[in-house]
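As structure tokens, the structure follows; a few thoughts come after it.
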Amino acid sequence: MNDNALKFASYWRNSLADAERNNGTLNATELKTFLRQPGSALHSGILDEQAAAQCFADEPEHIEHVQVSLRPCLFSASLEHGTGYTGLPRHVTPVVTEALLSRDGRLWPSAMTHIPRDILEPLESGSFAISTVAAVDAFMGHERQLADPDWSEPENHARHWADYRDYLARLLRAICADWPGEHDAYRHVPELLLQKKQAVTGASRHILALYDDLRHSRPDAPLFDRYAALDHAPPQARLPSAAGFAERLAHSHAQYPLADAQRDALSHLLLCPEGDILAVNGPPGTGKTTLLLSVIATLWAKAALAGPEAEPPVIVASSTNNQAVTNILDAFAKDFSSGSGPFAGRWLPQPKSFGAYLPAQGKEAEAFPKYQTAQFFNALETRDGLAEAKAHYLQKAALAFPEAPAPSVAQAVEWLRQRIVDAAGSLRALASAWAELSQARQALQQALAEQGDSAERRQRLSRQRDACHARQERLQRYLAQEPLLLALFGWLPAIARKRAACARLALHDAALPALDADQQGQAAGWRTLGDIETALATWSAHATFALDAEARHQQSLDQLAQTERLRLAAWTQALEALGPDFAARAAEIDLAGCDAMADTRLRFPIFLLTSHYWEGRWLLEMQEKLGEIEGSAGRTGKASVIPRWRRWMKITPCVVSTFYMLPRKLGTSRPRDGGWKTDYLYGFADLLIVDEAGQVQPEVAGASFALARKALVIGDTEQIEPICSNNTAVDKGNLVSAGLLASSADEAGYQRLASLGKSAASGSVMQIAQSASRYHYDTRLARGMYLYEHRRCYDGIVDYCNDLCYQGLLQPMRGNPQAPALPTLGYLHVAGICQRAQGRSRHNLLEAETIAAWLAEQRPQLEARYGKDLSRIVGIVTPFGAQTRAIEEACAAHGIDTGKGEQSVTVGTVHALQGAARPLILFSAVYSRHADGGFIDQRRSMLNVAVSRAEDSFLVFGDMDLFSLAQPGSPRALLARYLFARADNELLFAPSPRSDLLTPRTGLSHLHDAEEHDRFLLGSLARVAREIHIVSPWLKLARIRETGALAAMTAAAQRRVQVHVYTDRAFNLGDDEERLEARAQALEEAFAALRDAGIRTHALQRVHSKLLMADDELLCVGSFNWFSASRQPGYSRHETSMVYRGPDVAEEIETNLGSLARLMAP
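Reminder that position 107 of the sequence shown reads as 107 in my numbering, one-by-one numbering, no gaps.
Right, here's the structure in full:
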């Protein structure tokens, strides 16, 4: 372990300890762990003598100061009917200060004063908060911080304590001036809480103990070194397609192969050396779990091939919370195919999953009925368990190997391994045959490219040779007929010239084959008979040599072609392992083309064989060592723990545990100094899998990387970020203390650490893994591998996520539904009111009631359509914890069970469904025109996670006018574009009345059809005294006239009543380009007719409210379009409205008018 890793071990350890100690909410038991001092101590900063003595009780006399943690502000919840308010913490301490306590009782607060993270929004699932992280960071960034004390000068104490109290006052005014408010259930308790800093006993204690051991023992931990590294080499090039074909040994599914990107991720992981971290960026629905299962299957099979003495790999999957790890376990139970035939399923009767779960001891009893925990293995590894398992195994083996009617376990194990070897040999044969065929084809193609147009070249050379031979023959005939005297006196120049001229004349015969242009040029330069003879001989020799070379080259081509045919035959034979259909297409298929079929026809059978092989190996070990195994049950020594892990991996190839428990599960005990010393199994796990890594804080997971040799980190940084427990100021202080940051003012250094994902205030394991990954699969994205194919959701849902987060890179594979019962992206406009609940959380009771009522109405159709219980069909997501409770209560009133039970509908913030999915997701937006806010738009991840949980339909319940008003480019604005793209995306349902409007002075009535609405409209126009506002998103002049509304509005205007008509320009114009001009003209004609009648018209942007408001005392809200709804039987929709009458609706009318003003088109 290098020095840099040691520094990070200290930093992450202290960050985790700070988070654990500094929760801002306390229950009654936790409050008892503090010393409680009266208000006088809070005023003076001096403890009473007894309290000070208690803090120094165990300290040597020379110690003058001890570290303490102060809580200077205590708020306690009031009791309601003798009990606390549901869902609220009993006590809140909004400020925590690290301080020194001197023996004389003086408290010396340090600069380390902060607001606990657990009471600051954003929060994972809790509803209580007093402020936001942004508000605290803003204060810390701009305000003068408290100076560290000079405790060597006691006379400075009073001034320092006064400065501290002043600082507290400024801090609380800045971040939570309105808390607690008059409606909050908290009262201030004038006490000072104090706690001596001590060992952490909470959820992080096992991680902290591992960090402490890392710092003390400094083991060889290359994976942790890489996790902590600040610099990494440039990424390597990605592997070619079909790389690692033969190394990808096993697959988890009988029907569905891996996608190309999944296959590439597996290949790259197998190539990674020990000490490597591979990030796999997997957006929702892209098959992260499928990849994970095939990784495990392949490593399990690889170990089976290693030899009869080899042990299975130790594979551990982990994440931050139990929800994430149980999602993995659920996949192990249902996503590994059983297959068919004698090798299908398990050969042992007890295991129901390929994953084991090691929870905290306190959760063991709860988990055991559903998951394979230590309790499952303890029951299995007994004489009775062994007897049952062996009998079942041998029965299955006899069916699988009928040639040996009564095989022994050892025989079955050997035969299974041989089949694995044979099947793996088929994969190697395919890879080898394809490599040899590819090499032969490449050689042949290269030779053909070098050869060029051989036939034309041979013809040309043959012509040249024939022309030379013909001229040589003609020259010989001429010389044979030449007079003897010319030959005798040929040495004379004149005679020589004559002989040459005669020879040229003899060779200049049109009947002879033509010379090429080059030869003709040379022939023109012949001067002597010797020139002619030499040239013809040279030409003839050259042509003959070239033709011989061509013949040799052709022979080589024939040999290469023959080799290619032989290699193709070998490739065809290798393809027989995939079936005759593949072998028949051998000439046209490549290795990548048969990879998918190899998953289902070779690799999946290898997985089945492997599972039975390891089951048999477990039986053999149990038979041999049963007594020893029974005797070692529950022992935690190294000699017991390591064999136990290896044995359990034979039954379940992956063990799942949270990072909070993993150090304990990979620790062993030995006696030392009368007690027990924990030794950790550093580098014991062959592979650490981190799931949902974008949610995992670096300090929570970091220590566990020292326990493994290689890591596969799967996640998506566009999903929900970790809820970090320390603020920036505390984080910088911890970095400085660890020697990783020069000073708290070193902003550049801090930002670099943050960009690498290392910061405990903003980082995640996924960011660290991306930086550390050896490969960069897609240079447009972060380092690591990337999964693209999305098969879970309908394309419309994927399109929104693509536009929001993924730059269009997700590849939707499912398509869109034909004639769906519900829209893929739909909405119901609910004109509720957003109110603040206890703390800072919000709820919208009308939305909650509407969701519950709609769900109760739709339940029979939904359960009939999907053939499942409602709990498996629907999930409800909301940004606020208080709304979660409101929805749960509303659902309970409608007979819908909610919660965490098997038959309970999941309701919660996006974290409740992180990593899970439902066919139908209902989203309660909560905000209304009374109280809008940017929480939903703070991070893209919130709506990305919420929308991507929906397989079939994502339905928004809320004030849709706010979506129209959302900031352009924000997540809500983008969602609005999808929601409002089609008119039939709107749901039809009548919400309940608003309870807050039903005061003693307010009357309520209902309108149920077009006739009642028309009668109400005309009556209201006749009775209105001052002003009337009518909001109809669609407007048709003919409808206004035929219902008498135009005449009634005209009459009202003539009485000097201000008549306002609001409509939506975009809705009226529509998206049909061919009809756009006509519709625009019709709208202008309607506006002109209304204006001519003295009626004021207003064009709005995407208004969804259908309202009528008059004289500050009449409010009608519903789903009826006043000026466009059809009145013809068979075409009209059943729409309802609620009419509120009375002076108490004036404030609501004013709110609605303000909202309409913001929707005015520019």
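Don't be surprised by glycine CBs; every beta carbon is placed ideally from N, CA and C.
If V1031 and V945 are in contact, beta carbons under 8 Å, what's the gap, nearest whole angstrom? Contact flag wrong, Cβ pair sits at about 34 Å.
Do V1061 and I1095 have their C-beta atoms within less than 8 Å of each other? Yes. Within cutoff.
Just verifying my parser: in three-state terms, what is the DSSP assignment at S1155? Secondary structure of S1155 (DSSP, three-state): helix.
If G1169 and S904 are in contact, beta carbons under 8 Å, what's the gap, nearest whole angstrom? There is no way to answer for residue 1169, as the model of the chain reaches only from 1 to 1162.
Which residue's Cα is closest to the Cα of L475: Y978, R1158 and A535? That would be A535, whose Cα lies nearest to the Cα of L475.
Burial state of F545 (16 or more Cβ within 10 Å): Taking all protein chains shown into account, F545 has fewer than 16 neighbouring C-beta atoms within 10 Å of its C-beta and is therefore exposed.
Let's test the definition: count the other Cβ atoms within 10 Å of the Cβ of V421 and tell me whether it reaches 16, buried, or not, exposed. Under this definition V421 is an exposed residue.
Alpha helix (DSSP H) segments (min. 4 residues) lying fully within the segment 219 to 264: As far as the segment 219 to 264 is concerned, its whole alpha helix (DSSP H) runs of at least 4 residues are 222 to 228.
Name the DSSP bridge partner or partners of G202? Listed as beta-bridge partners of G202 by DSSP are no residues whatsoever.
First through last residue of the alpha helix (DSSP H) which encompasses V1024: Segment: none, V1024 is in no alpha helix (DSSP H) and carries neither H nor E.
Cα-Cα separation between I768 and S217, rounded to whole angstroms: So the alpha carbons of these two residues sit roughly 24 Å apart.
Are the CB atoms of L787 and Q255 nearer to each other than 8 Å? For L787 and Q255, no; Cβs fall outside 8 Å.
Could you tell me the distance, in whole angstroms, from the CA atom of R173 to the CA atom of V133? Roughly 15 Å separates the two Cα atoms.
For V316, tell me which candidate among G1154, N727 and G355 has the shortest Cα-Cα distance. Nearest option by C-alpha distance: G355.
Once you ignore the five residues that flank Q1054 on each side, which residues in its own chain have a CB closer than 8 Å to its CB? Closer than 8 Å at the Cβ level, and outside the excluded window around Q1054, lie G1094.
With V92 and I115 assumed to form a contact (beta carbons below 8 Å), what rounded beta-carbon distance in angstroms separates them? The pair is not a contact, with the Cβ atoms about 11 Å apart (cut-off 8 Å).
Within 10 Å of its beta-carbon, does E747 have 16 or more other beta-carbons around it, so buried, or fewer, so exposed? Exposed, by the Cβ-count rule.
Hey, could you find the ends of the alpha helix (DSSP H) C724 is sitting in? Premise fails: C724 is in no alpha helix (DSSP H) and is neither H nor E.
Pop quiz: Y800 and M785 are said to be a contact at Cβ under 8 Å. What is the actual Cβ separation, rounded to whole angstroms? That belief does not hold up - the Cβ atoms of Y800 and M785 are roughly 24 Å apart, past 8 Å.
Report the CB separation of G667 from T678 in whole angstroms; it is logged as a contact under 8 Å. 5 Å between Cβ atoms; contact.
Answer yes or no: do I797 and I851 have a C-beta to C-beta separation smaller than 8 Å? No, they are not a contact pair.
What residues in its chain sit with their C-beta under 6 Å from that of G275, if we drop five residues either side in the sequence? Excluding residues within five positions, the ones whose Cβ falls inside 6 Å are P222, L223 and R226.
Evaluate L42 with the Cβ neighbour count: other Cβ atoms within 10 Å of its Cβ, from every protein chain shown; 16 or more gives buried, anything less gives exposed. L42 is buried by the Cβ-count criterion.
State buried or exposed for P257, treating a residue as buried only when at least 16 other CB atoms are found within 10 Å of its CB. With 16 or more other Cβ atoms from the protein chains shown falling within 10 Å of its own Cβ, P257 counts as buried.
Proximity to W347 [Cα-Cα], best of K334, H392, E309 and E692: When each option's Cα is compared against that of W347, the closest is H392.
Where does the unbroken alpha helix (DSSP H) through Y186 begin, and where does it stop? Counting along the chain, Y186 sits inside no alpha helix (DSSP H); it lies in the beta strand (DSSP E) bounded by residues Y186 to V189.
Using the rule of at least 16 other Cβ atoms within 10 Å of the residue's Cβ for burial, across every protein chain shown, is G867 buried or exposed? That one is exposed.
Would you kindly work out how many angstroms separate the C-alpha atoms of A1179 and T290, rounded to a whole number? Missing from the structure shown is residue 1179; the chain here goes from 1 to 1162 and no further.
Buried or exposed: A52, going by 16 or more other Cβ atoms within 10 Å of its Cβ? Of the residues assessed, A52 falls on the buried side of the cut-off, its CB having 16 or more other CB atoms within 10 angstroms.
Are the CB atoms of L975 and L943 nearer to each other than 8 Å? In this structure, the beta-carbon distance from L975 to L943 falls below 8 Å.
Along the chain, where does the alpha helix (DSSP H) that runs through N23 open and close? Going by DSSP, N23 is part of no alpha helix (DSSP H) at all; its letter is neither H nor E.
Pairwise C-alpha distance: Y11 and S737: About 8 Å.
Rounded to whole angstroms, what is the Cα-Cα separation between A496 and Q522? Rounded to whole angstroms, A496 to Q522 spans 19 Å at the Cα level.
Taking the beta strand (DSSP E) that Y680 belongs to, which residues open and close that run? First-last of the beta strand (DSSP E) with Y680: G675 to Y680.
So what does DSSP say about A306, is it helix, strand or coil? Residue state, collapsed to three classes: coil.
Per-residue burial, V1091 [other beta carbons within 10 Å of its own, 16 or more giving buried]: A quick correction: the sequence has Arg, not Val, at residue 1091. Exposed, because fewer than 16 other Cβ atoms sit within 10 Å of the Cβ of R1091.
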